[in-house]
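Novice: FYI, the numbering for the sequence shown is 5 to 164, going by the numbering used here.
A single structure is presented below for examination.
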Amino acid sequence: MNIKNLNKFRELLINSKKSVSELEYTKNNYDHFGNLIEEDLPTITTDFCEIGLYNNEIYFVFVVESKTFNIKLFDKLKNKSNVNIYGFIDFNKTLFPTKDFNFDNFVKEIKNDKYLQIQFDFKNIDTFDLFKKYSNIVNVFGKNKVVVVNQLKVDLTKHK
């Protein structure tokens, strides 16, 4: 995956009448180990998630209201190898997957945070397939009545 793929994906979103930002380069992103990424990352934002490019992978980061996360959604996500769930304020702590995962403890943990971040990573995927994955994830959140924060309208920096 490269910047050309990200731009092509953005065009697919626009052609499908989805709200999407211009391509921009963002700072203060972190890797899966909680390390600050020194370089600016190319990102676009839709009304459902931030979409970025890092290490030749495309990632989607959805910010959801923690109180709306539920077992039905978890059942849809738990077997996906490309999903990571982490807090909003303490984003360095991976909540899922973990080797000793317990759903009840997970629920207790997320009650301490207004928002929860759910990230999906994709590598070596065709742009059209990526669009299908995006649409599917958006539909799964909707069907499970999970409130996804519109990052185009809500300034999340005020909530950290």
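Glycine is no exception: its CB is placed at the ideal position from the N, C-alpha and C atoms.
Give me the Cα-Cα distance between Arg14 and Glu28, rounded to the nearest whole angstrom.
Specialist: Mapped onto the sequence shown, residue 14 falls at position 10. Mapped onto the sequence shown, residue 28 falls at position 24. The alpha-carbon atoms of Arg14 and Glu28 are separated by roughly 12 Å.
Novice: Please confirm whether Ile117 and Ser85 have their CB atoms less than 8 Å apart.
Specialist: One-based indexing of the sequence shown puts residue 117 at position 113. One-based indexing of the sequence shown puts residue 85 at position 81. The sequence given here has Asp at residue 117, not Ile. Going by C-beta atoms, Asp117 is not nearer than 8 Å to Ser85.
Novice: Would you identify the three-state DSSP class for Thr102, choosing helix, strand or coil?
Specialist: The residue labelled residue 102 in the question sits at position 98 within the sequence shown. Three-state DSSP puts Thr102 in coil, outside helix and strand.
Novice: Just to confirm the assignment: which complete beta strand (DSSP E) runs, minimum length 3, are found wholly within the region 56-91?
Specialist: Runs of the beta strand (DSSP E) inside the region 56-91: 61-69 and 87-91.
Novice: Quick one: what's Tyr119 bridged to in DSSP?
Specialist: To locate residue 119, count along the sequence shown from 1; it is residue 115. Answer is Glu69, bridged to Tyr119.
Novice: Grouping DSSP H, G and I as helix and E and B as strand, with all else coil, what is Ile48?
Specialist: Sequence index remark: in the sequence shown, residue 48 carries index 44 (1-based). If DSSP states are grouped into helix, strand and coil, Ile48 belongs with the strands.
Novice: Please state if the CB of Val150 and the CB of Thr47 are separated by a distance shorter than 8 Å.
Specialist: In the sequence shown, residue 47 corresponds to position 43, counting from 1. In the sequence shown, residue 150 corresponds to position 146, counting from 1. Not in contact: Thr47 and Val150 (Cβ atoms no closer than 8 Å).
Novice: Using 8 Å as the cut-off, can you tell me whether the region 135-155 makes contact with the region 48-56, which would need three or more C-beta pairs spanning the two stretches below that distance?
Specialist: Counting Cβ pairs under 8 Å, three or more are found: they touch.
Novice: Go through its chain and collect everything with a Cβ distance to Asn74's Cβ below 8 Å, but skip five positions before and after it.
Specialist: Within the sequence shown, the letter at position 70 stands for residue 74. Excluding residues within five positions, the ones whose Cβ falls inside 8 Å are Asn148, Lys149 and Val150.
Novice: Classify Gly146 as buried or exposed, calling it buried when 16 or more other Cβ atoms lie within 10 Å of its own Cβ.
Specialist: Position 142 of the sequence shown, counting from 1, holds the residue named residue 146. Under this definition Gly146 is an exposed residue.
Novice: Per DSSP, which one or two residues make a beta bridge with Glu54?
Specialist: Your numbering for residue 54 matches position 50 in the sequence shown. Answer is Thr49 and Val65.
Novice: If we count the other Cβ atoms within 10 Å of its Cβ and call it buried at 16 or more, is Thr50 buried or exposed?
Specialist: Numbered from 1 along the sequence shown, position 46 holds the residue referred to as residue 50. Buried, by the Cβ-count rule.
Novice: Considering just the uninterrupted stretch of the alpha helix (DSSP H) at Glu26, what are its terminal residues?
Specialist: Position 22 of the sequence shown holds residue 26. From DSSP, Glu26 is part of no alpha helix (DSSP H); its letter is neither H nor E.
Novice: Pick helix, strand or coil for Val144, following the three-state DSSP scheme.
Specialist: Reading the sequence shown from its first residue, position 140 is the one you call residue 144. Looking at Val144 - three-state DSSP - the assignment turns out to be helix.
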